[in-house]
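Trainee: For the sequence shown, this note's numbering assigns the number 92 to the initial residue and increments by one for each residue that follows. Note that beta-carbon positions come from the ideal geometry of N, C-alpha and C, so glycine has one too. Computed from a predicted model, the values in this text were never measured in an experiment.
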Amino acid sequence: MHEFALIEGIIGIVRDSALQNNIRKVERIKLVVGKLSMALPESLQFAFEAFKAEEELFHHAVLEIEEKEIVCSCGQCNRSFAVEDSVSFICPWCASGSVEIIQGRELYIDCYEGEEC
Ligand SMILES: [Zn+2]
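Right, here's the structure in full:
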C-alpha cells in the first residue's frame with residue numbers, strides 16, 4: 092500500500108508549512124491526482140483517515156481529491172487527446188503510436204486551508 096507512504100509525505104509537508112504559518116488546525120487539503128499516478132483515491136482517503144486520527148492538527152481536516160484525466164499528445168499530427176483506459180495509447184486522429192503523455196502523472200498538493208492562531 093504505497094498510498095500510506097504518499098499520505099505520510101503529504102501530511103509531513105502540510106505539517107511543516109502549517110507550523111511555519113502558525114496554523115493550529117488544518118481544515119482542508121486539496122490533492123491533484125493523475126489517473127496514471129498509480130494512487131487510488133479511495134486508498135488515499137483510507138490512509139488519510141488513519142493518519143489524521145493520530146494528530147490533533149489534522150483531526151478536522153478533509154481530504155479533497157481532484158482526479159486528472161490522462162491526456163496525450165501525438166508526435167505525428169501534434170493533436171492532443173484524452174485516453175479513457177490506460178491501455179491504448181494510440182492517436183485517434185492518425186492512429187500513430189508515437190504519443191507523449193502530457194497529463195495524468197501528477198500527484199501534488201494543490202492547496203490547503205487552516206485556521207490561524
Ligand atoms: Zn496523431
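For the beta strand (DSSP E) containing residue 154, name the first residue and the last one.
Mentor: Within the sequence shown, numbered from 1, the residue matching residue 154 stands at position 63. 153-159 is the extent of the beta strand (DSSP E) around residue 154.
Trainee: Rounding to the nearest angstrom, what Cα-Cα distance links residue 109 and residue 159 in this structure?
Mentor: For the purposes of this step, residue 109 is identified with residue 18 of the sequence shown, where counting begins at 1. For the purposes of this step, residue 159 is identified with residue 68 of the sequence shown, where counting begins at 1. Taking the straight line from one Cα to the other gives about 26 Å.
Trainee: Count Cβ pairs between the stretch 184-197 and the stretch 147-154 that sit closer than 8 Å; are there 3 or more?
Mentor: With a cut-off of 8 Å, the stretch 147-154 and the stretch 184-197 do not count as touching, because too few Cβ pairs lie within range.
Trainee: CB residue 203 to CB residue 105, shorter than 8 Å?
Mentor: What you label residue 203 is simply residue 112 of the sequence shown in a count that begins at 1. What you label residue 105 is simply residue 14 of the sequence shown in a count that begins at 1. Against a cut-off of 8 Å, the Cβ pair of residue 105 and residue 203 comes out as a contact.
Trainee: Check each candidate in 169, 195 and 167 and name the one with the smallest Cα separation from residue 176.
Mentor: To locate residue 176, count along the sequence shown from 1; it is residue 85. The candidate whose alpha carbon is nearest that of residue 176 is 195.
Trainee: Look at the alpha carbon of residue 146 and the alpha carbon of residue 207, and state the distance between them as a whole number of angstroms.
Mentor: Reading the sequence shown from its first residue, position 55 is the one you call residue 146. Reading the sequence shown from its first residue, position 116 is the one you call residue 207. Cα to Cα, the separation comes out at about 17 Å.
Trainee: Closer than 5 Å between the C-beta and any heavy atom of ligand 1: which residues qualify, listed along the chain?
Mentor: My final list is 165, 167, 168, 182, 184, 185 and 187.
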